[in-house]
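*Asks:* 1 is the number of the first residue of the sequence shown in the UniProt record's numbering; add one for each residue after it. For each residue, glycine too, the CB sits at the ideal point set by N, CA and C.
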Amino acid sequence: MTVLVTGATGTVGRQVVRHLLEQGRKVRALTRDPGRAVLPYGVEVAAGDLTDAAGLEAAFDGVTAVHLINFGVGYRPLANGRDIVALAERAGVGKATVLGGWQEGTLEPAVRASGLEWTFLRPMQFMANFLNDWGESLRTTGRVREPYGDRQSPPVDEYDIGAVAAAVLTQDGHGGRSYHLTGPEVLTPRRMVAIIAEATGRDLRFEELTPDQVRREWSVPGRRPPLSLFRAFAEAAGADEADLVESLLRMYGTPNEYATTLTDHVEQVVGRPPRTFAQWAAEQAHHFLPTNPR
Ligand SMILES: NC(=O)c1ccc[n+]([C@@H]2O[C@H](COP(=O)([O-])OP(=O)(O)OC[C@H]3O[C@@H](n4cnc5c(N)ncnc54)[C@H](OP(=O)(O)O)[C@@H]3O)[C@@H](O)[C@H]2O)c1
């Protein structure tokens, strides 16, 4: 059994690969640039670009299950979902997981209409976002400066998304389902900074910005802080650069029932509760320590 993992060098794909290897599976990892890809020992590397299905024949050869990402240019949904699914069917692939975001593209309907045993994975905010978004600022200033410090979300550990994907790809009983993957608790940025402070033993603070401060400080070209979730959202939705800050304020400032609802889907699939933000922060603590001790 060979499992093809697309997005294998990314935040989630790396975890899918890790769990499959731990199960002793044969893993093939797709990347556009094998020379740059850092993948674990034992993984077979396949070169290919999802936007060009014709070039993926070799990558799909002999594959029994595939983990698919639904994007191909930035986070914009793939336009050639039908070609990818047709290729998977010709190759005799049995199971497919599809990692998606807020927007369906052409891949999801093609997968639904196919003979593949498909499962959609729809995670909430990845815990890794907080490393990308806050890492540098916490290392260098000990502060996170953002609006809406009490906004709520149930972030999920990317380790658990990988565990769910690996289980679904190798076990029966998950066909035709959509798993909405959340962590075990609804948290706020203010609380998460406190948890990282505890994990690192550092005096870290959340500093609330007013919407007007955000407009003044984040609209300066080149000064917009990195915000994974928002960037992904804006890119996928094709947001206008000028409207980025306003859309962010709208998104952060609008309570969202979806973002405060916990699911038990991680536990249903992997048989244990999802990992907590405190567990994640303890493991990642070294990334939040100052690079130059003060
Ligand atoms: N961040 C969140 O909180 C969040 C929450 C819910 C859902 N999501 C969804 O999760 C997905 C992002 O996953 P991620 O964070 O794991 O991605 P990521 O870390 O940004 O990595 C992107 C991966 O996609 C691969 N890739 C990109 N374009 C490709 C193409 N044209 N052909 C082949 N491979 C390609 C890259 O491979 P190479 O560069 O090696 O080719 C890389 O492995 C998005 O669909 C997003 O909507 C994110």
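What would DSSP say about VAL186, mapped onto helix, strand or coil?
*Replies:* Start at 1 with the first residue of the sequence shown, and residue 186 comes out as number 186. DSSP places VAL186 in coil when its eight states are reduced to three.
*Asks:* Are the beta-carbon atoms belonging to THR2 and ALA37 less than 8 Å from one another?
*Replies:* Locating residue 2 in the sequence shown gives position 2, counting from the first residue. Locating residue 37 in the sequence shown gives position 37, counting from the first residue. For THR2 and ALA37, no; Cβs fall outside 8 Å.
*Asks:* Quick check on the DSSP output: the beta strand (DSSP E) that includes LEU116 runs from which residue to which?
*Replies:* By 1-based counting over the sequence shown, the position of residue 116 is 116. First-last for LEU116: undefined, no H or E at that position.
*Asks:* What does DSSP give as the partner residue(s) for ILE69 in the beta ladder?
*Replies:* Here the question's residue 69 lines up with position 69 in the sequence shown. Answer by DSSP bridge pairing, in chain order: LEU99.
*Asks:* What residues match up with PRO77 in a beta bridge as DSSP calls it?
*Replies:* Stepping through the sequence shown from its first residue, residue 77 is reached at position 77. Answer is PHE71.
*Asks:* Please classify GLU146: does DSSP put it in a helix, a strand, or coil?
*Replies:* Looking up residue 146 in the sequence shown gives position 146. GLU146: strand per DSSP, three-state reduction.
*Asks:* Which residue's Cα is closest to the Cα of ALA53: THR6, THR263 and ASN129?
*Replies:* Position 53 of the sequence shown, counted from the start, is the residue given in the question as residue 53. Residue THR6 is the option with its Cα nearest to ALA53.
*Asks:* Quick check: the Cα distance between TRP134 and GLY115, rounded to an integer number of angstroms?
*Replies:* Here residue 134 refers to the residue found at position 134 of the sequence shown. Here residue 115 refers to the residue found at position 115 of the sequence shown. Rounded to the nearest angstrom, the two C-alpha atoms are 43 Å apart.
*Asks:* Run the proximity test for PRO147: is its beta-carbon closer than 7 Å to any non-hydrogen atom belonging to ligand 1?
*Replies:* Taking the first residue of the sequence shown as 1, we reach residue 147 at position 147. Incorrect: PRO147 has no Cβ contact closer than 7 Å to ligand 1.
*Asks:* In three-state terms, what does DSSP make of VAL43?
*Replies:* Here residue 43 refers to the residue found at position 43 of the sequence shown. Coil.
*Asks:* I'd like to confirm something about residue 295: is its beta-carbon nearer than 7 Å to some heavy atom of ligand 1, or not?
*Replies:* Here the chain comprises residues numbered 1 to 294, so residue 295 is not present and cannot be evaluated.
*Asks:* What separation, rounded to the nearest whole angstrom, lies between the Cα atoms of VAL12 and ASP212?
*Replies:* Residue 12 sits at position 12 when you count from the first residue of the sequence shown. Residue 212 sits at position 212 when you count from the first residue of the sequence shown. Roughly 35 Å between the two C-alpha positions.
*Asks:* Excluding the 5 residues preceding and the 5 following SER178 in the sequence, name in chain order all residues of the same chain whose CB lies nearer than 7 Å to its CB.
*Replies:* Indexing the sequence shown from 1 puts residue 178 at position 178. Only PHE120 and ARG122 meet the Cβ criterion.
*Asks:* Is PRO123 near ligand 1, going by C-beta to nearest heavy atom under 7 Å?
*Replies:* One-based indexing of the sequence shown puts residue 123 at position 123. PRO123: yes, Cβ under 7 Å from ligand 1.
*Asks:* Does the beta-carbon of PRO290 have 16 or more other beta-carbons within 10 angstroms, so that it is buried, or is it exposed?
*Replies:* The count along the sequence shown starts at 1 and reaches residue 290 at position 290. It is exposed - the Cβ of PRO290 has fewer than 16 other Cβ atoms within 10 Å.
*Asks:* Considering only residues of the region 241–281, which uninterrupted alpha helix (DSSP H) runs meet the minimum length of 4 residues and lie entirely inside it, listed in chain order?
*Replies:* Runs of the alpha helix (DSSP H) inside the region 241–281: 244–253 and 265–270.
*Asks:* Using DSSP bridges, identify the partner residues of GLU208.
*Replies:* To locate residue 208, count along the sequence shown from 1; it is residue 208. GLU208 pairs with GLU146.
*Asks:* Spatial neighbours of GLY24 within its chain, please: CB distance less than 6 Å, with the 5 preceding and 5 following residues excluded, ordered by chain position.
*Replies:* Counting from one through the sequence shown, the residue named residue 24 turns up at place 24. Hits under 6 Å: none found.
*Asks:* Spatial neighbours of LEU20 within its chain, please: CB distance less than 8 Å, with the 5 preceding and 5 following residues excluded, ordered by chain position.
*Replies:* As a first step, residue 20 must be located in the sequence shown, where it is residue number 20. Correct list, in chain order: VAL3, VAL5, VAL27, ALA166, LEU169 and THR170.
*Asks:* With DSSP collapsed to three states, give me the class of ALA8.
*Replies:* In the sequence shown, the residue the question calls residue 8 occupies position 8. The answer is coil: DSSP assigns ALA8 none of H, G, I, E or B.
*Asks:* Roughly how many whole angstroms lie between the Cα atoms of GLN103 and ILE196?
*Replies:* Locating residue 103 in the sequence shown gives position 103, counting from the first residue. Locating residue 196 in the sequence shown gives position 196, counting from the first residue. Cα to Cα, GLN103 sits roughly 31 Å from ILE196.
*Asks:* Suppose you measure from the CA of GLU146 to the CA of GLY176; what does that come to, to the nearest Å?
*Replies:* Position 146 of the sequence shown holds residue 146. Position 176 of the sequence shown holds residue 176. Distance between the alpha carbons of GLU146 and GLY176 is about 39 Å.
*Asks:* Should ARG32 be counted as a contact of ligand 1 given a C-beta to heavy atom distance under 7 Å?
*Replies:* Taking the sequence shown and counting its residues from 1, the one referred to as residue 32 is at position 32. Yes - ligand 1 has a heavy atom lying nearer than 7 Å to the Cβ of ARG32.
*Asks:* Count the other CB atoms within 10 Å of the CB of GLN268; is the residue buried (16 or more) or exposed (fewer)?
*Replies:* Indexing the sequence shown from 1 puts residue 268 at position 268. By the 10 Å Cβ count, GLN268 comes out exposed.
*Asks:* Which residue marks the beginning of the alpha helix (DSSP H) containing ARG139, and which one marks its end?
*Replies:* As a first step, residue 139 must be located in the sequence shown, where it is residue number 139. Looking at the DSSP string, the run of the alpha helix (DSSP H) that includes ARG139 is 128–140.
*Asks:* Measuring alpha carbon to alpha carbon, tell me which residue in GLY62, LEU87 and GLY101 is nearest GLY74.
*Replies:* Here residue 74 is taken as the residue at index 74 of the sequence shown, counted from 1. For GLY74, the nearest C-alpha among the options comes from GLY101.
*Asks:* Can ASN80 be considered in contact with ligand 1, in the sense that its beta carbon sits closer than 7 Å to one or more heavy atoms?
*Replies:* Here the question's residue 80 lines up with position 80 in the sequence shown. Checking the Cβ of ASN80 against ligand 1 gives no.
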